[in-house]
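As structure tokens, the structure follows; a few thoughts come after it.
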Amino acid sequence: MPVELDDLTDAERKALGRCHRAVLGRERPLQLDCGVELGPYRVAYQTYGRLNADKSNAILICHALTGDQFVVERHPVTGKPGWWDALVGPGKVIDPGRYFIICANVLGGCMGSTGPLALDPATGRPWNLRFPVVTVADMVRAQAELLDHLGIPNLFCVIGGSMGGMQVLEWAASYPRRVFSAVPIACAARHSAQNIAFHEVGRQAIMADPEWKGGDYRLHDTVPARGLAVARMTAHITYLSEQALQRKFGRSLQNRNALGFGFDADFQVESYLRHQGSTFVDRFDANSYLYITRAMDYFDLAAAHGGVLAKAFTGTPTRFCLMSFTSDWLFPTRESREIVHALNAAAANVSFVEIESDKGHDAFLLDEPEMFRTLQGFLKGAALVRGLGDVS
Amino acid sequence: MNGAAIRVDLQLIADMVEPSTRALDIGCGDGSLLAYLVSFKRVDARGMELSQTGVNACVANGLSVIQGDADTDLGYYPDDAFDYVILSQTLQATREPRAVLRQMLRVGKRAIVSFPNFAHWQVRLRMVFGGRMPETVSLPYKWYDTPNIHLCSIDDFRALCRDMGVHVERAIVLNSKNRPIHMPPLLANLFGEQAVFMLRRD
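So the sequence lines, in the order shown, correspond to chains F and E.
Take the first sequence: its position 350, counting from 1, is numbered 350 in my numbering, and each next residue is one higher.
Take the second sequence: its position 116, counting from 1, is numbered 116 in my numbering, and each next residue is one higher.
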């Protein structure tokens, strides 16, 4: 059987050349929520720092929808700085000199982990839309298998924003004894109707692109670039705030002094969005986008626990720190507060901070001193209790 | 986390808390009592604070604190979640002190409450002879911008406890120099500037 790792896209080849990979599920396939057994499958991951002798200093970073395992270094495909290099790195809040940091490309992703781009071992052909629909819980299962593979029994901390935060919640609910502390940032315990709606617009844009070809575009050597770009443009608006758009662009015109009375990008905001869309296509796969947005839509932690969110955390030993941002309308503060109330009901150890910012949902990726201070303090307190020593 | 010197009334509260227990401090402010309980008594101490600035400062100091309101957010906690639920200098600022006390004694096995005494002689003098709403060291606000909407005297508080069937385990009355005074209730209600009560369900 060909290991389904050979037929790589250019982006995957570049990514896998710059990170670790593990092929898992050979003996024991992954039991997916949809009922399918997946195996073998590949997890592409990156690590920073060293695991200490008693294996107590591991931090798992969970990336968001379009993030990947390249947290710190320049991205092998885009050449841009790591997506969380403001927070992670030598001398930063999450310092590889102190912690062993792991970040894995999610199941269904397109930066080296198995997803719709991979070959179906049964047919030898790309999965494309025949790839099973994966959930956030499936992503977390694959990460847990990766940790087993790496010989890491438990995590000092699991941290992530947006869909990364959903994975953090799932980790805490599914593997409470493996998670000493959890930091879900700018997320929710379930995807709201509005958020599902935005995702659906993005998916429809992709599927309406004639080059998408029912998901088999690679077989036809095409790329549904227009559709994926529109999906990204729509999504990008939801990551910003009205104030931030106004402050950045207002009604300023792009390279012109007067309105063009046509449909070129007259306004800077249009030009900006078009740029966001077109550069996204170079690094992200359209089918992967369908699968990962679906995983977020399906996320509903309470539903998985009899409709009572607190039951997801009954008796949890994990220390939680939640953060939200005032101008985030994609995952507004009230969503975090709902999680806090559920954690209170489970008598969990929880901190919650709402951070003043006009940068919208994207704030969690940016230089937000208040977020850094909060996380620094939380990790310091947790490290003392965990016996990792003073990390101030 | 530096809990070396804390306010006298907070120290009194801290002394009432047994080591290695679990406590919730409602209205924990800058977290000084929490930090003391964590550092010196190994208490699993959590906090709730209305002001977001206060919360952020606490969490940045490694304390477990959430933003929340005593009047509305205690309901989320299960019965007997804590050994102690602490409310220092905040009861008089709640909308429904009686309901808050009831919740505290549901969520905690014991409640520790401190509050300014509105029957202190200075308050009485200012009211009776000054004819104005009293402003004192422990009640420094103008009538129109005070957060204290449900002030009471020590005797009022005792009456409420009786009425609610709540058992007073300890009551410490402090004079204006923050020293505990030992007097019969009538005098304590006159000379006490503030009081600290430890309560439990009967």
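Think of the CB as a built atom: it goes at the ideal place given N, C-alpha and C, for glycine as much as any other residue.
By Cβ distance below 6 Å, which residues in the same chain neighbour Phe364/F in space, the five residues on each side in sequence not counted?
Gly161, Ile185, Ala186
C-alpha distance - Val71/F paired with Cys103/F, whole-angstrom precision
7 Å
So the alpha helix (DSSP H) Asn344/F belongs to, where does it begin and stop?
333 to 345
I think Ala197/F touches Gly227/F, with their Cβ atoms under 8 Å apart; what is that distance to the nearest whole Å?
With 8 Å as the limit, Ala197/F and Gly227/F do not qualify as a contact, their Cβ atoms being about 17 Å apart.
Relative to the C-alpha of Phe100/F, which residue among Val36/F, Phe249/F, Leu150/F, His191/F is closest?
Leu150/F
Could you check what DSSP says for Val93/F in three-state terms: helix, strand or coil?
coil
Is Phe129/E buried or exposed, if buried means 16 or more other CB atoms sit within 10 Å of its CB?
exposed
To which residues of the same chain is Leu253/F closer than 8 Å at the C-beta, ignoring the five residues directly before and after it?
Leu259, Asp266, Phe267, Gln268
Complete runs of the alpha helix (DSSP H) confined to the stretch 111 to 161 of chain F [at least 4 residues]
136 to 150
Chain-ordered residues of the stretch 336 to 351 of chain F with a beta carbon less than 7 Å from chain E
Val340, His341, Asn344, Ala345, Ala347, Asn349, Val350, Ser351
Which full runs of the alpha helix (DSSP H) of 4+ residues lie inside the stretch 206 to 284 of chain F, going along the chain?
225 to 239, 242 to 248, 268 to 283
Run down chain E in chain order and give the residues with a C-beta less than 7 Å from the C-beta of Lys380/F.
Gly62
Nearest-angstrom Cα separation, counted from Ala81/E out to Leu60/F
30 Å
Simplified DSSP assignment, three categories, for Ser288/F:
helix
Please report how far the alpha carbon of Ile94/F lies from the alpha carbon of Arg102/E, in whole angstroms.
43 Å
Quick one: grab the DSSP three-state call for Asn148/E.
coil
Inter-residue spacing [alpha-carbon to alpha-carbon] between Ala433/F and Ala310/F:
In this structure chain F extends from 1 to 392, so residue 433/F is not present and cannot be described.
Grab the span of the alpha helix (DSSP H) containing Leu384/F for me, first residue to last.
369 to 386
Can you list, in chain order, the residues of the stretch 86 to 106 of chain F whose Cβ is nearer than 7 Å to any Cβ on chain E?
none
Of all Cβ atoms in chain E, is any one closer than 7 Å to the Cβ of Val353/F?
yes
What are the boundary residues of the beta strand (DSSP E) that includes Phe115/E?
108 to 116
Using a Cβ cut-off of 7 Å, pull out every chain F residue sitting near Pro78/E, in sequence order please.
Ala345, Ala347
Note down the Cα distance separating Thr146/E from Glu49/E, rounded to an integer number of angstroms.
18 Å
Work out the CA separation of Gly97/F and Leu388/F for me, nearest whole Å.
13 Å
Mind checking which residues open and close the alpha helix (DSSP H) that includes Leu187/E?
185 to 191
If we cut at 7 Å on Cβ distances, does Thr374/F have a partner in chain E?
yes
How big is the Cα-Cα spacing for Asn154/F and Ala302/F?
24 Å
Beta-carbon contacts of Ala312/F that lie in its chain and below 6 Å, excluding the five residues immediately before and after
Ala173, Leu301, His305
From Val340/F to Ser51/E, what distance separates their C-alpha atoms?
16 Å
List the endpoints of the continuous beta strand (DSSP E) containing Ser51/E.
Careful: Ser51/E lies outside any beta strand (DSSP E) and carries neither H nor E.
Select from Cys28/E, Gln89/E, Ser88/E the residue whose C-alpha is nearest the C-alpha of Ile66/E.
Cys28/E
Against chain F, with Cβ distances strictly below 7 Å, would Ile86/E count as a contact?
no
Buried versus exposed call for Met198/E [16 or more other C-beta atoms within 10 Å across all chains shown]:
buried
Count the other CB atoms within 10 Å of the CB of Met371/F; is the residue buried (16 or more) or exposed (fewer)?
buried
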